[in-house]
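Visitor: Could you have a look at this structure, given as structure tokens, before my questions?
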Amino acid sequence: MNTAVVTFPGSNCDRDMMVAIAEVFGKQPTQVWHRDTALPDRVDFIALPGGFSYGDYLRSGAMAANSPIMREVKAAAARGVPVLGVCNGFQVLAEAGLLPGALMRNAGQRFVCRDAQLKVENTQTLFTAGYEAGETITIPVAHHDGNYFADEATLDALEGDGRVVFRYAHATNGSRRDIAGIVNESGTVLGMMPHPERAIEAAHGGTDGRRLFESLARSLAEAA
Amino acid sequence: MATNASQITPEVVEQHGLSPEEYERVLNALGREPNLLELGIFSVMWSEHCSYKSSRLHLKKLPTEAEWVICGPGENAGVIDIGDGQAAIFKMESHNHPSYIEPYQGAATGVGGILRDVFTMGARPVANANALRFGRPDHPKMKHLVQGVVAGIGGYGNCVGVPTVAGETNFDPAYDGNILVNAMTVGVADADKIFYSAATGVGNPIVYVGSKTGRDGIHGATMASADFEEDAEAKRPTVQVGDPFTEKLLIEACLELMATDAIVAIQDMGAAGLTSSSVEMASNGGVGIRLKMDDVPQREEGMTPYEMMLSESQERMLMVLKPGREPQARAIFEKWELDFAVIGEVTDTGRMVLDFEGETVCDIPLGPLADDAPLYDRPYLSREEYTQWAKITPMKNVPDSADVGADLLKLMGSPALASRRWIFEQYDRQVGADTLQTGGDAGVVRVHGTKKALAISTDCTPRYVHADPYEGGKQAVAEAYRNLCAVGAKPLAITNCLNFANPQRPEIMAQIVHALDGMGEACRTLDFPVVSGNVSLYNESKATGGGSAILPTPAIGGVGLVADYDTLTSIGFKGEGDAIYLIAPEFWAKPDPVRSHLGKSLWLKEIHGRDEGRAPPVDLLAERGAGEIVLRLIEEGLLSAVHDCSDGGLAVTLAEMALAGNIGAEVTANDAYTPAQWWFGEDQSRYVVTVSPDKVEAFNAIVAEGPESEAAALVGFRRLGTVGGDSLLGVEVDELRAANEAFFQEWMEG
Numbered sequence: 001m002n003t004a005v006v007t008f009p010g011s012n013c014d015r016d017m018m019v020a021i022a023e024v025f026g027k028q029p030t031q032v033w034h035r036d037t038a039l040p041d042r043v044d045f046i047a048l049p050g051g052f053s054y055g056d057y058l059r060s061g062a063m064a065a066n067s068p069i070m071r072e073v074k075a076a077a078a079r080g081v082p083v084l085g086v087c088n089g090f091q092v093l094a095e096a097g098l099l100p101g102a103l104m105r106n107a108g109q110r111f112v113c114r115d116a117q118l119k120v121e122n123t124q125t126l127f128t129a130g131y132e133a134g135e136t137i138t139i140p141v142a143h144h145d146g147n148y149f150a151d152e153a154t155l156d157a158l159e160g161d162g163r164v165v166f167r168y169a170h171a172t173n174g175s176r177r178d179i180a181g182i183v184n185e186s187g188t189v190l191g192m193m194p195h196p197e198r199a200i201e202a203a204h205g206g207t208d209g210r211r212l213f214e215s216l217a218r219s220l221a222e223a224a
Numbered sequence: 001m002a003t004n005a006s007q008i009t010p011e012v013v014e015q016h017g018l019s020p021e022e023y024e025r026v027l028n029a030l031g032r033e034p035n036l037l038e039l040g041i042f043s044v045m046w047s048e049h050c051s052y053k054s055s056r057l058h059l060k061k062l063p064t065e066a067e068w069v070i071c072g073p074g075e076n077a078g079v080i081d082i083g084d085g086q087a088a089i090f091k092m093e094s095h096n097h098p099s100y101i102e103p104y105q106g107a108a109t110g111v112g113g114i115l116r117d118v119f120t121m122g123a124r125p126v127a128n129a130n131a132l133r134f135g136r137p138d139h140p141k142m143k144h145l146v147q148g149v150v151a152g153i154g155g156y157g158n159c160v161g162v163p164t165v166a167g168e169t170n171f172d173p174a175y176d177g178n179i180l181v182n183a184m185t186v187g188v189a190d191a192d193k194i195f196y197s198a199a200t201g202v203g204n205p206i207v208y209v210g211s212k213t214g215r216d217g218i219h220g221a222t223m224a225s226a227d228f229e230e231d232a233e234a235k236r237p238t239v240q241v242g243d244p245f246t247e248k249l250l251i252e253a254c255l256e257l258m259a260t261d262a263i264v265a266i267q268d269m270g271a272a273g274l275t276s277s278s279v280e281m282a283s284n285g286g287v288g289i290r291l292k293m294d295d296v297p298q299r300e301e302g303m304t305p306y307e308m309m310l311s312e313s314q315e316r317m318l319m320v321l322k323p324g325r326e327p328q329a330r331a332i333f334e335k336w337e338l339d340f341a342v343i344g345e346v347t348d349t350g351r352m353v354l355d356f357e358g359e360t361v362c363d364i365p366l367g368p369l370a371d372d373a374p375l376y377d378r379p380y381l382s383r384e385e386y387t388q389w390a391k392i393t394p395m396k397n398v399p400d401s402a403d404v405g406a407d408l409l410k411l412m413g414s415p416a417l418a419s420r421r422w423i424f425e426q427y428d429r430q431v432g433a434d435t436l437q438t439g440g441d442a443g444v445v446r447v448h449g450t451k452k453a454l455a456i457s458t459d460c461t462p463r464y465v466h467a468d469p470y471e472g473g474k475q476a477v478a479e480a481y482r483n484l485c486a487v488g489a490k491p492l493a494i495t496n497c498l499n500f501a502n503p504q505r506p507e508i509m510a511q512i513v514h515a516l517d518g519m520g521e522a523c524r525t526l527d528f529p530v531v532s533g534n535v536s537l538y539n540e541s542k543a544t545g546g547g548s549a550i551l552p553t554p555a556i557g558g559v560g561l562v563a564d565y566d567t568l569t570s571i572g573f574k575g576e577g578d579a580i581y582l583i584a585p586e587f588w589a590k591p592d593p594v595r596s597h598l599g600k601s602l603w604l605k606e607i608h609g610r611d612e613g614r615a616p617p618v619d620l621l622a623e624r625g626a627g628e629i630v631l632r633l634i635e636e637g638l639l640s641a642v643h644d645c646s647d648g649g650l651a652v653t654l655a656e657m658a659l660a661g662n663i664g665a666e667v668t669a670n671d672a673y674t675p676a677q678w679w680f681g682e683d684q685s686r687y688v689v690t691v692s693p694d695k696v697e698a699f700n701a702i703v704a705e706g707p708e709s710e711a712a713a714l715v716g717f718r719r720l721g722t723v724g725g726d727s728l729l730g731v732e733v734d735e736l737r738a739a740n741e742a743f744f745q746e747w748m749e750g
């Protein structure tokens, strides 16, 4: 399995993402630099990690969405290559138009770092097949701009199509309908604010994030 | 020389913070009158911050060595051996004054500065911690200050990607006009890849990397007189502005270059910027230095060498490279889109020579700049005189607690003990995915890819230090030691951040001298040396109607090593039926008027509004013994929870364990004590531990074995009760939680 983690200059969860993927997939991902113009050959999965891409002094992820490597990520996503964007990665995916909506400043105006309880709303995706329907899982959040916004029609469409994958069990950042993670129409691109790569082993205090990567690894193995 | 001798009037000398006597020393060192630039350089190098002129004599008395110390004070940060060819590098530093003027940027750049001190030496920063002191919450400025400082610390650390894992926050009216922001960073490096600041190799290139130099932070040395320069705007002092994104790039670029062998020496540009970094690098290497100021990357046009040398612009580093390695280094810094400029070379003259626009604008002999620096043996009060001055007397008419549960509830809701959730949720505590524990006695981060972990704790109880600087200095070190032991870490070394008021007052100097004596005593007995530190003096202000001098606040940052993180312990009660024990010095079995008990206690202050009595003394040998016992029991896997006993005494310790575990306990008092003494006394060197029923036998066997050392012989066990139920001392755990969470919630949201 060939996996890739995109590193922007201000990414700071890239190593954590690489460790998590290597642990679950049993093979080291390729680290792709933001100025690179190509992804690894026959890439099976691309992750956009958390951090502050280019400092995010403009809207979070806005500049990263226009970086050279994102052209390649968009092309790969169009071919159906699974893409996971976590935290800043979700912001980049939204800014790049790969996912609808926007991540605004948290309703409380403050950075929020805590264990979030998430309801798994759809277990029929590549990323969530390993969770129980209706299950509540615990995954940490750590962000300043995680307040998900989309217009009502878009939200209704997302809900209707089962594209709301994770929902906060308790209000966390002001997100519309407490949305924590969504997928694209084909279900192959997942953006989420919580950090599954921080819940991989017992030492992290919980392993609910590990199952996301395991689900994906299994789905990809089955498809291969 | 572009010298204009008429510039140096007595007023100009005074504005540079030099006394007439110190200016005589400048004349001596130079053998002539300085120009303005040279005066500026002398003034910052001889400032309290850079020269430690009031504290140096006394700092020398601190123990700085142990088998595991690789590098003690004097470099950018301290370095200790943590086994397997790895080293931990750490330091704590103050950013008090800027944080009062502009809390967000002041605190943010404080974090940035301490991060640079650590990665300069070759370490990847793995954890941040802090120690914050604010004034009374109802002071009109205080909410704004707390919000700004916390957001600034978070804003910088979160972006750079270093988890903030430990900290403490106090409130006292003595900080109304002078808050304290002390930031600490811990990093990990390969023990054979530590980078130092000594410049060597005549002809080697001196390289500037990072952000451009602007006019920010040229404060202490800024002129108010119009004949200094026509443009008054340029003289307005400003607080430095931090850019964590650039810092992140700087970390990655420096570590990438450090993986090669191109670097001879490296130093960050912190306080006094280019001046102190270049002077220190040259002095440490016993060489000279020549810089071409025209080549310094500049953010603004028309900057003078004076401004460039005294600017405190952030995110800049100075390094000496091996000859011919510039292209390799340049490529790395260009990859990370950072400025890179060769601005000079190492010389054999022993002088600092600066050229600008074809002229030599500064020529200072470095030997005299260091050797002739002022050193003061300032007068101070003896311990007895100080006690009289501070009006510390044994308490009379000590009250008792009429309702222990009600008192506990009130204490848990007080600003001193209220939950810090509002603060710590603004810090990314897990980035790096190696954080194992926060919110307990110490923050713990795994050493990446190993079973080892580093425990970090910041500690000081300023009200004790004020009442008795010697005992308070001991206590700060002892509490750091205790907090590390409580999670199962062997305490290795400390960094200190010494915040005091004006040392020219003998009573303040007494606080400094006696606190350092106490601290040194504790470090020696606990084998817990000081490897780095920072001194911040003149923390006093009458500007806002607060008290003038801060409480003496020698903050300690302790670092310990957990050999195998599977043995880590935490404070929360774990299960119904676990037995609760107090581990404490044997002499604690009955009260003793010599030991104060309720003096300077939070209970006395919060419940009775009395801030009096003596600070609790620390028996250092017993402290060591209690620590050894706790570490042994943790290593054997026998303890289900451990918490040190500190602010608020035994009842508060138990309450915090109940809240963390969300379960109550049945506990009984010791009738030899009054309820107030027993439940709320702040006697030292004590731990509360729990033992699960299946471990009781093994636990008792070890207790029966008896002490393993002279120190351990001083320590005893006392059964306090049993974990279970949903209340503690007659108060529901939920009620305690509500009280504990309310203060910040109401203050910030209200």
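So the protein sequences, as listed, match chains A and B.
For what it's worth, UniProt numbering labels the leading residue of the first sequence as 1, then goes sequentially.
For what it's worth, UniProt numbering labels the leading residue of the second sequence as 1, then goes sequentially.
Note that beta-carbon positions come from the ideal geometry of N, C-alpha and C, so glycine has one too.
(1) Kindly indicate which three-state DSSP category Met269 (chain B) falls into: helix, strand or coil?
(2) List the residues of chain A whose Cβ lies closer than 8 Å to the Cβ of Gln426 (chain B), in chain order.
(3) Does Gln248 (chain B) get closer than 8 Å to chain A when you measure Cβ to Cβ?
(4) List the residues of chain A whose Cβ lies closer than 9 Å to the Cβ of Val126 (chain B), in chain order.
(5) Check whether the Cβ of Gly10 (chain A) lies closer than 8 Å to any Cβ atom in chain B.
(6) Compare the C-beta of His204 (chain A) with all C-beta atoms of chain B and state if any pair is closer than 8 Å.
(7) Please go through the same chain and pick out, in chain order, the residues whose beta-carbon is closer than 7 Å to the beta-carbon of His144 (chain A), but skip the five residues on each side of it.
(8) Could you confirm whether any beta carbon from chain B is found closer than 8 Å to the beta carbon of Phe52 (chain A)?
(9) Rounded to whole angstroms, how far is the Cβ of Val361 (chain B) from the Cβ of Gly201 (chain B), which I believe are closer than 8 Å?
(10) Is it true that the CB of Ala116 (chain A) sits closer than 8 Å to the CB of Thr172 (chain A)?
(11) Along chain A, which residues have their Cβ under 8 Å away from the Cβ of residue 752 (chain B)?
(12) At what residues does the beta strand (DSSP E) containing Ala579 (chain B) begin and finish?
(13) Ordered along the chain, which non-local residues of its own chain (more than five positions away) have a Cβ less than 6 Å from that of Ile550 (chain B)?
(14) Taking 8 Å as the threshold (C-beta atoms), are Arg383 (chain B) and Asp644 (chain B) in contact?
(15) Please confirm whether Glu11 (chain B) has its beta-carbon closer than 8 Å to some beta-carbon of chain A.
(16) Per DSSP, which residues does Val186 (chain B) bridge with? Please list them.
(17) State the CB to CB distance for the pair Leu310 (chain B) and Thr275 (chain B), rounded to an integer number of angstroms; the pair is presumed to be in contact (CB under 8 Å).
(18) Please give me, in chain order, every unbroken run of the beta strand (DSSP E) with length at least 3 that falls completely inside the stretch 329 to 382 of chain B.
(19) Shorter than 7 Å, the distance from the beta carbon of Ile266 (chain B) to the closest heavy atom of the ligand NAP, or not?
(20) Just to confirm the assignment, what range does the alpha helix (DSSP H) spanning His514 (chain B) have?
(21) Please report the distance separating the alpha-carbon of Gly10 (chain A) from that of Ile583 (chain B).
(22) Would Asn158 (chain B) count as contacting chain A if we go by Cβ distances under 8 Å?
(23) Quick one: give me the first and last residue of the alpha helix (DSSP H) that Ile251 (chain B) is part of.
(24) With 8 Å set as the bound, which would you pick, yes or no: does the beta-carbon of Gly154 (chain B) sit closer than that to a beta-carbon of chain A?
(25) I'd like the list of long-range same chain contacts for Leu526 (chain B), defined as Cβ closer than 6 Å, with 5 residues on each side in sequence excluded.
(26) Does any C-beta atom of chain B lie closer than 8 Å to the C-beta of Gly55 (chain A)?
(27) Could you tell me the alpha carbon to alpha carbon distance between residue 762 (chain B) and Asp117 (chain B), rounded to whole angstroms?
(28) Closer than 8 Å between beta carbons: that is the criterion. Which residues of the stretch 738 to 749 of chain B meet it against chain E?
(29) Any idea what DSSP makes of Leu132 (chain B), helix, strand or coil?
(30) Using DSSP's beta-bridge definition, name the partner residues of Trp33 (chain A).
(31) Do Leu59 (chain B) and Met519 (chain B) have their beta-carbon atoms positioned less than 8 Å apart in this structure?
(32) Compute the Euclidean distance between the alpha carbons of Val160 (chain B) and Cys13 (chain A), then round it to the nearest angstrom.
(33) List, in chain order, every chain A residue whose beta-carbon is nearer than 8 Å to that of residue 751 (chain B).
(34) In terms of residues, what are the limits of the alpha helix (DSSP H) holding Asp16 (chain A)?
(35) Measure the CB-CB distance between Ser94 (chain B) and Ser536 (chain B) and report whether it falls below 8 Å.
(36) With DSSP run on the structure shown, which of helix, strand or coil describes Pro73 (chain B)?
Guide: If we stick to the structure as given:
(1) In the second sequence, the residue the question calls residue 269 (chain B) occupies position 269. In this structure, Met269 (chain B) counts as coil in the three-state DSSP scheme.
(2) Against the second sequence, residue 426 (chain B) aligns to sequence position 426. The contacting residues are Arg110, Phe111, Val112 and Cys113.
(3) Counted from its first residue, the second sequence places residue 248 (chain B) at position 248. Correcting the residue identity first, residue 248 (chain B) is Lys in this sequence and not Gln. Interface residue, yes.
(4) By one-based count along the second sequence, residue 126 (chain B) stands at place 126. Those within 9 Å of Val126 (chain B) in chain A number zero; the least Cβ separation is about 12 Å.
(5) Reading the first sequence from its first residue, position 10 is the one you call residue 10 (chain A). By this cut-off, Gly10 (chain A) is an interface position.
(6) In the first sequence, residue 204 (chain A) corresponds to position 204, counting from 1. Yes, its Cβ sits closer than 8 Å to a Cβ of chain B.
(7) By 1-based counting over the first sequence, the position of residue 144 (chain A) is 144. Excluding residues within five positions, the ones whose Cβ falls inside 7 Å are Arg105, Asn106 and Phe111.
(8) Taking the first sequence and counting its residues from 1, one reaches residue 52 (chain A) at position 52. So, interface residue.
(9) The residue given as residue 361 (chain B) occupies position 361 in the second sequence. The residue given as residue 201 (chain B) occupies position 201 in the second sequence. That pair is no contact at about 25 Å.
(10) For the purposes of this step, residue 172 (chain A) is taken as residue 172 along the first sequence, with counting starting at 1. For the purposes of this step, residue 116 (chain A) is taken as residue 116 along the first sequence, with counting starting at 1. Cβ atoms of Thr172 (chain A) and Ala116 (chain A): closer than 8 Å.
(11) A question about residue 752 (chain B) goes unanswered here, because the residues of chain B that appear run from 1 up to 750.
(12) As a first step, residue 579 (chain B) is located in the second sequence; it is residue number 579 there, counting from the start. Membership of Ala579 (chain B) in the beta strand (DSSP E) is indicated by the continuous run Ala579 to Pro585.
(13) Walking along the second sequence from the start, residue 550 (chain B) turns up at place 550. Correct list, in chain order: Ala174, Tyr175, Asn178, Ala501 and Asn539.
(14) Along the second sequence, read from residue 1 onward, the residue named residue 644 (chain B) stands at position 644. Along the second sequence, read from residue 1 onward, the residue named residue 383 (chain B) stands at position 383. No, the pair does not count as a contact, with Cβ atoms beyond the cut-off.
(15) Stepping through the second sequence from its first residue, residue 11 (chain B) is reached at position 11. Chain A, which has no Cβ nearer than 8 Å to the Cβ of Glu11 (chain B), makes this no.
(16) Sequence index remark: in the second sequence, residue 186 (chain B) carries index 186 (1-based). DSSP, once it has assigned bridges, lists B:Phe90 and B:Ala127 as partnering Val186 (chain B).
(17) Locating residue 310 (chain B) in the second sequence gives position 310, where the first residue counts as 1. Locating residue 275 (chain B) in the second sequence gives position 275, where the first residue counts as 1. That belief holds up - the Cβ atoms of Leu310 (chain B) and Thr275 (chain B) are roughly 6 Å apart, short of 8 Å.
(18) 339 to 347, 351 to 356 and 359 to 365
(19) Only the bare structure without any ligand can be found here, which leaves the ligand NAP out of the picture.
(20) Indexing the second sequence from 1 puts residue 514 (chain B) at position 514. Pro506 to Leu526 is the span of the alpha helix (DSSP H), which, as asked, contains His514 (chain B).
(21) As a first step, residue 10 (chain A) must be located in the first sequence, where it is residue number 10. As a first step, residue 583 (chain B) must be located in the second sequence, where it is residue number 583. Whole-angstrom Cα-Cα distance: 47 Å.
(22) Taking the second sequence and counting its residues from 1, the one referred to as residue 158 (chain B) is at position 158. It does; some Cβ of chain A falls within 8 Å.
(23) Position 251 of the second sequence holds residue 251 (chain B). Ile251 (chain B) -> alpha helix (DSSP H) spans Pro244 to Met258.
(24) Your numbering for residue 154 (chain B) matches position 154 in the second sequence. Yes - at least one Cβ of chain A is within 8 Å of the one on Gly154 (chain B).
(25) Your numbering for residue 526 (chain B) matches position 526 in the second sequence. Taken in chain order, the residues that qualify are Tyr481 and Arg624.
(26) Counting from one through the first sequence, the residue named residue 55 (chain A) turns up at place 55. It does; some Cβ of chain B falls within 8 Å.
(27) Residue coverage of chain B in this structure runs from 1 to 750, which leaves residue 762 (chain B) outside it and unanswerable.
(28) The structure shown contains no chain E; the protein chains it does contain are A and B.
(29) Numbered from 1 along the second sequence, position 132 holds the residue referred to as residue 132 (chain B). Note: Leu132 (chain B) maps to strand in three-state DSSP.
(30) Looking up residue 33 (chain A) in the first sequence gives position 33. Trp33 (chain A) is bridged to A:Thr7.
(31) Residue 519 (chain B) sits at position 519 when you count from the first residue of the second sequence. Residue 59 (chain B) sits at position 59 when you count from the first residue of the second sequence. Cβ atoms of Met519 (chain B) and Leu59 (chain B): not closer than 8 Å.
(32) Start at 1 with the first residue of the second sequence, and residue 160 (chain B) comes out as number 160. Start at 1 with the first residue of the first sequence, and residue 13 (chain A) comes out as number 13. The alpha-carbon separation between Val160 (chain B) and Cys13 (chain A) amounts to approximately 10 Å.
(33) Only positions 1 to 750 of chain B appear in this structure, which leaves residue 751 (chain B) out of reach.
(34) On the first sequence, residue 16 (chain A) is found 16 positions in, with the first residue counted as 1. Residues Asp14 to Phe25.
(35) Indexing the second sequence from 1 puts residue 94 (chain B) at position 94. Indexing the second sequence from 1 puts residue 536 (chain B) at position 536. Result yes, Cβ atoms of Ser94 (chain B) and Ser536 (chain B) sit closer than 8 Å.
(36) Taking the second sequence and counting its residues from 1, one reaches residue 73 (chain B) at position 73. Strand.
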